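In what follows, a single structure is set out as structure tokens and then discussed.
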Amino acid sequence: MYHGHELTVVYDKNGSKYKSGKGVTVFIDGKAFMMKEHNKYRVVVGKPVVKHSPSQPKNYALEEIV
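Numbering (this note's numbering), first residue to last: 327 to 392.
What follows is the structure in structure tokens.
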């Protein structure tokens with residue numbers, strides 16, 4: 327996880343193992359994504375994903391008994 331996105335980086339020497347091309351492939355949220363600019367590769371993850379979760383239920387197992 328990176329800023330709320332699922333990042334996966336794979337290396338496949340000849341493209342036969344993962345079937346997503348040879349060399350390095352970056353997946354962001356399950357989709358292959360790389361941009362080539364001026365003989366350099368760039369990965370743009372995007373804005374952070376903020377997930378607001380409801381408050382956690384009280385954990386009675388950890389409550390001190392007085």
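Virtual Cβ for every residue (Gly too), placed ideally from N, Cα, C.
Keep in mind the model is a prediction, meaning the values are calculated, not measured.
Which partner residues of Lys343 appear in the DSSP bridge assignment? In DSSP, Lys343 forms no bridge with anything.
Since Glu363 is in the beta strand (DSSP E), which residue starts that stretch and which ends it? 361-363
Excluding the five sequence neighbours on either side, which residues of its own chain have a C-beta within less than 7 Å of the C-beta of Lys377, listed in chain order? Gly330
Within the same chain, show all residues whose beta-carbon is closer than 6 Å to that of Val336, passing over the 5 residues directly before and after it, in chain order. Tyr344, Thr351
Please determine, among Gly341, Asp355, Gly372, the residue with the shortest C-alpha to C-alpha distance to Glu332. Asp355
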